[in-house]
Amino acid sequence: MFDRDALIAACVAHGTLVRVVVAAVHGSTPREVGASMCVWANGQSGTIGGGALEYELAQTARGLSSDTSSRHALGPDLGQCCGGAVEVISEVFDLERARALPEDVIARGPEPMPMSVKRVLKVARNQGQMPNAQRIDGWLIEGVRPPDQPLWIWGAGHVGRALVDVLHPVPGITLTWVDTAADRFPSTVPSGVTVVPAQDPLLLVPHAATDADHLILTYSHDLDLGLCHALLQRDFASVGLIGSATKWARFRKRLSALGHTSEQIARITCPIGDPALGKQPHMIAIGVAHQLLMRRKQSQYRAEVRA
Numbered sequence: 087m088f089d090r091d092a093l094i095a096a097c098v099a100h101g102t103l104v105r106v107v108v109a110a111v112h113g114s115t116p117r118e119v120g121a122s123m124c125v126w127a128n129g130q131s132g133t134i135g136g137g138a139l140e141y142e143l144a145q146t147a148r149g150l151s152s153d154t155s156s157r158h159a160l161g162p163d164l165g166q167c168c169g170g171a172v173e174v175i176s177e178v179f180d181l182e183r184a185r186a187l188p189e190d191v192i193a194r195g196p197e198p199m200p201m202s203v204k205r206v207l208k209v210a211r212n213q214g215q216m217p218n219a220q221r222i223d224g225w226l227i228e229g230v231r232p233p234d235q236p237l238w239i240w241g242a243g244h245v246g247r248a249l250v251d252v253l254h255p256v257p258g259i260t261l262t263w264v265d266t267a268a269d270r271f272p273s274t275v276p277s278g279v280t281v282v283p284a285q286d287p288l289l290l291v292p293h294a295a296t297d298a299d300h301l302i303l304t305y306s307h308d309l310d311l312g313l314c315h316a317l318l319q320r321d322f323a324s325v326g327l328i329g330s331a332t333k334w335a336r337f338r339k340r341l342s343a344l345g346h347t348s349e350q351i352a353r354i355t356c357p358i359g360d361p362a363l364g365k366q367p368h369m370i371a372i373g374v375a376h377q378l379l380m381r382r383k384q385s386q387y388r389a390e391v392r393a
């Protein structure tokens, strides 16, 4: 999907740049329609498949002052053996042009816009069904990637560190990482992860978005319980709590005594992860990542069915 927010951020950071996107594929190719990279004077992000084609297009992009399109055979001339061909569009963006892009679906091609494209846009905007990247009657259509899903990780111990390690590269997730002191975090934290040392983490709960996911795995059972109690008093997408069956049975009784119904308490998942993978921190993190991604896919499917 078209990552409009990332494009705007890249323009803020690097000024005018070129977005190179695969507009059509023929035969065997390394990437699909919609694969893209952004190229600026001294760097780039994203990939259209690597190799000689990507290098050549990146070099060409740095000399562009206007949009272009081109077709490339992936054969011996490029030192590639895929055997297919790709059509690419290279678009020059400054911050003004990037911010002017639609926030739902981006379509461009030779005027006038054909009825086939208008129908796709109508379905997308009236029914909320975002189209896959595709080329129709000479027009390239890309759905805009929705905002990232906020995920709060409460605790910077072994499992918290493993979760950040596994989840920070996953697209579509924004990580906020909380613990009680700065020295509880590792000296190096992946870029894009917001670290929040807070002597009393409970004070941060109201600052989390009501559609955020939460993973609770602090060093303190009392703090874990306090976070569960605080989150149950507001809305959230999901809450996962690390712990054994015994811990969860004790927490259910204490949360009930605090006034929460069994239906409310059942919204908390405990334990987290996949027991079949084992109890090593990264095994827990992989199981949790799988659960989160599957829940996201199921939510997207339900939205498509309702549409």
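Be aware that the sequence shown starts at 87, since it is given in this note's numbering, and climbs by one per residue.
C-beta: ideal position from N, C-alpha, C; glycine also.
- If the five residues before and after residue 369 are omitted, its C-beta is found closer than 6 Å to the C-beta atoms of 363, all from its own chain and listed in chain order.
- Taking a C-beta distance under 9 Å as the contact criterion, residue 280 and residue 304 do not qualify as a contact pair.
- Beta-carbon to beta-carbon, residue 225 and residue 199 are separated by about 7 Å, close enough to satisfy the 8 Å threshold.
- Where residue 324 is concerned, there is no enclosing alpha helix (DSSP H), although the beta strand (DSSP E) around it starts and stops at 324–327.
- A straight-line Cα-Cα distance of about 42 Å links residue 375 and residue 196.
- In this structure, DSSP gives residue 361 a helical state, which the three-state scheme calls helix.
- With respect to the C-alpha of residue 183, the residue from 206, 148, 96 and 232 having the closest C-alpha is 96.
- Residue pairing for residue 111: DSSP places it in a beta bridge opposite 172.
- The DSSP assignment places complete beta strand (DSSP E) segments of no fewer than 3 residues inside the region 194–282 at 220–222, 225–229, 235–240 and 259–265, in order along the chain.
- Counting the other Cβ atoms within 10 Å of the Cβ of residue 380 gives fewer than 16, which makes it exposed.
- Between the alpha carbons of residue 323 and residue 145 lies a gap of roughly 44 Å.
- Counting along the chain, residue 99 sits inside the alpha helix (DSSP H) bounded by residues 90–100.
- Taking residue 290 as the centre and dropping the five residues before and after it, the same chain places the C-beta of 264, 282 and 284 closer than 7 Å to its C-beta, in chain order.
- Residue 108 is not a Cβ neighbour of residue 150, given a cutoff of 9 Å.
- Here residue 227 is near residue 206, since their CB atoms are less than 9 Å apart.
- By the criterion of at least three beta-carbon pairs nearer than 8 Å, the region 129–136 is not in contact with the region 233–249.
- The beta carbon of residue 302 sits closer than 6 Å to the beta carbons of 240, 310, 313 and 327 from its chain, once the five residues preceding and following it are set aside; these are given in chain order.
- Of the residues 101, 188, 117 and 338, the one whose Cα lies closest to the Cα of residue 354 is 338.
- For residue 146, the enclosing alpha helix (DSSP H) stretches over residues 137–147.
- Relative to the Cα of residue 171, the nearest Cα in the group 179, 158, 180 and 181 belongs to 158.
- Per DSSP, residue 366 is not a residue of any beta strand (DSSP E), being assigned neither H nor E.
- Judged by DSSP in its simplified three-state form, residue 177 adopts strand.
- Looking at the DSSP output, residue 132 sits in a beta bridge with 123.
- When the beta-carbon positions are compared, residue 382 and residue 235 come within less than 9 Å of each other.
- The beta carbon of residue 117 is closer than 6 Å to those of 108, 134 and 135 in its chain, skipping five residues each way along the sequence.
- In this structure, residue 178 and residue 152 form a Cβ contact; the two beta carbons are roughly 6 Å apart against a cut-off of 8 Å.
- Taking residue 87 as the centre and dropping the five residues before and after it, the same chain places the C-beta of 229 and 231 closer than 6 Å to its C-beta, in chain order.
- Here residue 355 carries a strand assignment [DSSP, helix/strand/coil].
- The distance from the Cβ of residue 125 to that of residue 106 is about 6 Å, consistent with a contact at the 8 Å cut-off.
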